[in-house]
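Chains as they are written, first to last, in the numbering used here: chain A, 13 to 347; chain B, 13 to 347; chain C, 13 to 347; chain D, 13 to 347.
The beta-carbon is built from N, C-alpha and C at its ideal position, and this holds for glycine as well.
First comes the structure, then the notes that go with it.
Number of protein chains: 4
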Amino acid sequence: MINVAIVGATGYTGLELCRLLLDHPKVQIKHLYANSNSGSVFSDLYPQFKSKLDHTLEVFNATSPPSVDLLFLAVPHAQSHAYMHELYESPLRIIDLSADFRLDSSQNFEKYYNTTHQNPLLMKSIVYGIPELFSNDIKKAKCVANPGCYATSVILGLYPLFKEKLIEGTIIADSKSGASGAGRGAKVSTLFCEVSEGFSAYSTGAHRHEAEIEQILGSKVFFSPHLVPMNRGILSSLYIDLNKGLSTEQIIAMYQTYYKNCPFIILNKDRSPNTKYVSGSNNCMIHITQVKGKTVIFSVIDNLIKGAAGQAIQNMNLMYHYDESEGLPSIGHYL
Amino acid sequence: MINVAIVGATGYTGLELCRLLLDHPKVQIKHLYANSNSGSVFSDLYPQFKSKLDHTLEVFNATSPPSVDLLFLAVPHAQSHAYMHELYESPLRIIDLSADFRLDSSQNFEKYYNTTHQNPLLMKSIVYGIPELFSNDIKKAKCVANPGCYATSVILGLYPLFKEKLIEGTIIADSKSGASGAGRGAKVSTLFCEVSEGFSAYSTGAHRHEAEIEQILGSKVFFSPHLVPMNRGILSSLYIDLNKGLSTEQIIAMYQTYYKNCPFIILNKDRSPNTKYVSGSNNCMIHITQVKGKTVIFSVIDNLIKGAAGQAIQNMNLMYHYDESEGLPSIGHYL
Amino acid sequence: MINVAIVGATGYTGLELCRLLLDHPKVQIKHLYANSNSGSVFSDLYPQFKSKLDHTLEVFNATSPPSVDLLFLAVPHAQSHAYMHELYESPLRIIDLSADFRLDSSQNFEKYYNTTHQNPLLMKSIVYGIPELFSNDIKKAKCVANPGCYATSVILGLYPLFKEKLIEGTIIADSKSGASGAGRGAKVSTLFCEVSEGFSAYSTGAHRHEAEIEQILGSKVFFSPHLVPMNRGILSSLYIDLNKGLSTEQIIAMYQTYYKNCPFIILNKDRSPNTKYVSGSNNCMIHITQVKGKTVIFSVIDNLIKGAAGQAIQNMNLMYHYDESEGLPSIGHYL
Amino acid sequence: MINVAIVGATGYTGLELCRLLLDHPKVQIKHLYANSNSGSVFSDLYPQFKSKLDHTLEVFNATSPPSVDLLFLAVPHAQSHAYMHELYESPLRIIDLSADFRLDSSQNFEKYYNTTHQNPLLMKSIVYGIPELFSNDIKKAKCVANPGCYATSVILGLYPLFKEKLIEGTIIADSKSGASGAGRGAKVSTLFCEVSEGFSAYSTGAHRHEAEIEQILGSKVFFSPHLVPMNRGILSSLYIDLNKGLSTEQIIAMYQTYYKNCPFIILNKDRSPNTKYVSGSNNCMIHITQVKGKTVIFSVIDNLIKGAAGQAIQNMNLMYHYDESEGLPSIGHYL
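Spelled out as structure tokens, the structure:
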């Protein structure tokens, strides 16, 4: 049993961490931090937690961190930088869900995030937490950088082909995400009436998750995100050319080998996946097909779970040598 | 042909005024005002107006109003108060879509709006603009207070019974509105993820439109609004007791008589109306039925059209002795 | 540990039973029946169950029922009638989620369901399964009739006041449900484009759940259901008159007493509930307020869980003397 | 003034034809046909047409067609084949919104539609009706085949580059459509609960509109359609390689030249378009950008208007030498 605290508990990722951790048999939630709502009771803001999580929200101060085992940082980018100076010296283990330590180089960070990185020395020490790829490093890590939601869907969809050096030229990643990916900040662009009954691309060729994807896949990726009028879910449609003739069956067999010990990867041979098939679960469902010489891979996740809170807990499970699936939902709610 | 200007052009009501007035054969839009976006070009904010409404947004100054015939004030409540001191002395005619001059008494206003009315003397001089009820006054009006969206749906649904003094006891008005009624301000409560896949009551017994409804209907009204995860539309379910035995047919006949010259009132004898049947139009569709001694009336409107911009244009048509329906859509878009 | 089978596994209620029972620590799912899809593999229809529930769907034959402990009948009304002749003689225990045995009298059934009841003698022997009201009978029952979703929300919202004989005159129950309540049959009226961006009343004063509500509450109920463009959730707005002056606090205190041992009833004193607060959980959240001499009670449930599959499992838990909450989600997914 | 009739009036395309034609100043709707609903009154099915379109729905018989000027066939594919034998000999002009005469060759038709073409001789005689490309032919046509919705969005988005022979290799057309594209037939896959809160690809590399696109663009097209949980709108994200270095500005200039007399094409230089910007209008909005050596073009239309009924009316306007825009909405409803 470990004690944890969550910084940024009232955003959608924080909320999802609270919900999932409450059902985790080996975790106690000790502190919830949310600067803008400090002093309020968490279950007054989210009544579904009445009598289950009645913690008062606190102001987080990195110089006097709580005495827990693990801290989840569910904060906007550029906020973990400063915290990490102190936290890295503390006995705490950390899972940082912000983007601050996902990239290896401060130049790359600064190019995509338009702000100076305040802690570049640590960038290479912090493990990029995709359990299906880097479980050995995660198990030993003091601090894990939890990947971006889009990045998770794209990287898991392409990793075996990348590792086998089979991808030729530029990858086209046409990704589509539900609105919860934009967070819970009050913005006109994510009002119900702006999102509902509309569909659009945004940040074409300039989205920040592109940096993570290219860092891991080492290829040129044309990342093209779109906003879907729904709450949860990401579908990435990945169009690639192979440098070698391979049948669909051969590719699937390769993926089966790569992911054979991965409880949350589901290869769906028969059918293109709907985000509904994974929403509410920590699964990533992948479907591969070939048409007119192109290979296309569809990869779906729940952006708040496998794309954020669930993957963070999966990382935590590895760090504490729990069963990787402990406390994580494996069947979604479909509707 | 008249020239008009719109103050508050970038909110949802202003947007709808722009769209409908552009198609009105007897109106020219001369100025668009929007303080927070002044300097921007309207069609940059709303690209659907490219090359059709490329006006630069201006700051509105009531002391030097534009030289147009009519001004639409599509501003938040408490903003028309101050404007009206100057505007009422100007040669302009005015349709005020804010709540500031809908009520007769400043006490009542202050009770519901928690702010001092700055122009109480004018309250009784300004006509409450429901064309189906007060067309004679509207035709002569210098200034019309355009009714609230909920109030329009409830008042039109009950007016004939009220006029015939047939309603007994408290009216229960259980109303449901799409999210555009909450406006285009950035608020957490109207984010896509907060509204989608959820349904709730709000402001039970304390909503501001209740004051308008009671003023017109002269009855006690228990007004109970709810938020529906959709963009447009209001359905009011109105539960009443009659002080006299009347068959459904008799009530319908009474409504037919009252509304016989009203092009936008549709009595649907056969079927309970869906908001879809009116969305995109200026219609109000009413259905009456009786069950277990209770009379229930369902009344639907498009909150942005008959509940706001469309009714304002209908009022304008009357003020200028145009055909009441001129420039107003009579068949909605259904989906 | 008990073995169960589900008849009607591919409808939305069956699907939800499968999902929840898979996570129940004391249940094994042995057979899934679905006549129209027999021969198919369940997880081919619903890929989220891949490798978790790969049962082949079977044709159900009541004359040779499976040798399990408990059978869930998640079938349309009028289908359980015939089944029950044989099943009631078998050693099986049964939870019937159809409407066939919810009512006490065949006349009442025939009035509301327009079909002859084929098994009227059993009607009084089968327990109406609201655990918060009838747990003693449920514990001993061979067969439980699982209540309707609307009925559950209305009855739980009013039961303490009814038991104390405090309700005067006709109850107005203005209820709103998400579209999953209409089931998974292919019908034009529940197509996405017919439901989305629309809101309407239906079956006013003629809905079948009215019979259950009146049977339990013994009052005249004007039941007025509406369809909300969302998947899950019911909100019932219940307007009543009391025959005695009682403060809101007194009513809340009474509800606290009545429901003090009920793990799934949440009294929310501060706030009108959103269906989001319970969706994904087995909870019923109730809020009580008084305005202008009327008492209004808002009651929300997830129609597929507390309104169907979850309540069925809660009944099963009681029948087998498990903890009432075993295997049931107590915190919903909010978005 | 011309007289028209609509075959298939009760589907979504037929409904939209009715709505738009009612507002067309030079058209009278004389007959409405709908075999499955024959005998019913159109406005009983769609109450928004009460007192505006109260025609009784008739059974269509191609051997005794109505004496009108123009017939719209809004029927499923494979139904126009047989009709056309008789209709082509009649004095009627025809706009066929089915897929039956869009392709040039019966082999191609049979490959994509899995059914024998019953009227192959006519295939080359019937004009493919994209007014921006083929207005001269349309003006003289007896019969126009109205293009598919997806095809319209893709072809308009790429036509200038195709004509200038600038496209290299396979085009990737990742298209996303609202649910109205699937029509009004009762199917499980388009139920509200199946579509809402889900996103998926479908018919990857096997969708029928691919045949039209390749026929017009003469290139290999990898067409990849997806279903969006919304009613209206298509966004096509078109990824291409050019065989020659061209700046974005040069491409835009070329498009401006090609489309300079096209009232419904809007080139949006500044911003990636949302389907909201065109929904409710007959516009196609196009945005072009270049990233990492790839050119991407976003093209949005309202699938029911520019993708179906609106384009049919635009074709009709050309056939009768009316103003191309007559009766067609140029500004959408946004929300």
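From the beta-carbon of THR216 (chain D), the residues of chain A found nearer than 7 Å are SER284, THR301, VAL303 and VAL308. Three or more beta-carbon pairs separated by less than 8 Å are not found between the segment 308 to 322 of chain B and the segment 27 to 47 of chain C, which leaves the two stretches without contact. Across the set D:GLU206, D:CYS155 and D:ALA74, the C-alpha of D:GLU206 shows the shortest separation from the C-alpha of ASN243 (chain C).
Within the model, the alpha-carbon separation for TYR140 (chain A) versus LEU27 (chain D) is close to 53 Å. Residue-level contact check: CYS205 (chain B) touches chain A, since one or more beta carbons of chain A fall below 8 Å from its beta carbon. Neighbours of TYR24 (chain D) in chain C, taken as residues whose beta carbon is under 9 Å from its own, are CYS205 in chain order. Following the DSSP letters along the chain, one finds MET297 (chain D) inside the beta strand (DSSP E) bounded by residues 296 to 303. The alpha-carbon of LEU347 (chain B) is positioned some 16 Å away from that of PRO241 (chain A). In this structure, DSSP gives ALA185 (chain B) an extended state, which the three-state scheme calls strand. Distance from the CA of ILE142 (chain C) to the CA of ILE150 (chain C), rounded to the nearest whole angstrom, comes to 8 Å. Within the same chain, ILE278, ASN280, PRO285, TYR289, VAL290 and VAL312 come within 6 Å of MET297 (chain B) by CB-CB distance, once the 5 residues on both sides are set aside. The three-state secondary structure of TYR58 (chain D), taken from DSSP, is coil. DSSP places GLU70 (chain D) within a strand segment (E or B) once states are collapsed to three. Interface with chain A (8 Å Cβ-Cβ cutoff): TYR251 (chain D) is included. Residue environment for GLY305 (chain D): exposed (fewer than 16 other C-beta atoms within 10 angstroms of its C-beta). Under the Cβ criterion of 8 Å, ARG196 (chain C) is counted among the residues facing chain D. With respect to the 8 Å criterion, SER92 (chain D) and ASP116 (chain D) are not classified as neighbours on the basis of their beta carbons. Against SER293 (chain B), the close residues of chain D are GLN60, in the order they occur along the chain (beta-carbon pairs closer than 9 Å).
Among the CB atoms of chain B, none fall inside 8 Å of the CB of ILE167 (chain D). LEU178 (chain B) and HIS299 (chain B) have their C-alpha atoms spaced approximately 17 Å apart. Around the Cβ of LYS188 (chain A), a 10 Å sphere holds 16 or more other Cβ atoms; the residue is buried. In this structure, C:ASP335 is the residue among C:HIS219, C:PRO341, C:ASP335 and C:HIS345 with its C-alpha nearest to the C-alpha of LYS38 (chain C).
CA-to-CA, the gap between ASP56 (chain A) and GLY190 (chain C) works out to about 25 Å.
Between SER293 (chain C) and ILE317 (chain C) a beta carbon distance of about 6 Å is seen, short of the 8 Å cut, so the two are scored as contacting. For LEU254 (chain D), the closest alpha carbon among the candidates D:LEU104, D:GLN302 and D:ASN148 is that of D:GLN302. In the three-state DSSP reduction, GLU176 (chain A) falls in the coil class, being neither helix nor strand. Taking every protein chain shown into account, the CB of LEU82 (chain A) has 16 or more other CB atoms within 10 angstroms, so this residue is buried. Taking 8 Å as the upper bound on Cβ-Cβ separation, chain D lies near residues THR182, ILE184, ASP186, LYS188 and GLY190 of the segment 174 to 199 of chain A. Every alpha helix (DSSP H) stretch that sits fully inside the segment 208 to 251 of chain B and reaches 4 residues is listed by chain position as 221 to 229.
As DSSP reads the structure, GLN40 (chain C) sits in a beta bridge with C:ASN15.
If you draw a straight line from the Cα of TYR162 (chain B) to the Cα of THR22 (chain B), it comes to about 22 Å. The residues ILE142, LEU145, PRO159, GLU224, ILE225, ILE228 and LEU229, in chain order, have a CB closer than 8 Å to that of ILE167 (chain D) in the same chain once the five nearest residues on each side in sequence are set aside.
According to DSSP, LEU254 (chain A) shares a beta bridge with A:ILE179.
Bounds of any beta strand (DSSP E) do not take in ASP149 (chain D); it lies within the alpha helix (DSSP H) bounded by 143 to 152. For THR307 (chain A), the enclosing beta strand (DSSP E) stretches over residues 306 to 313. Minimum Cα-Cα distance from ASN273 (chain D) among the listed residues D:SER259, D:ALA218 and D:SER337 corresponds to D:SER337.
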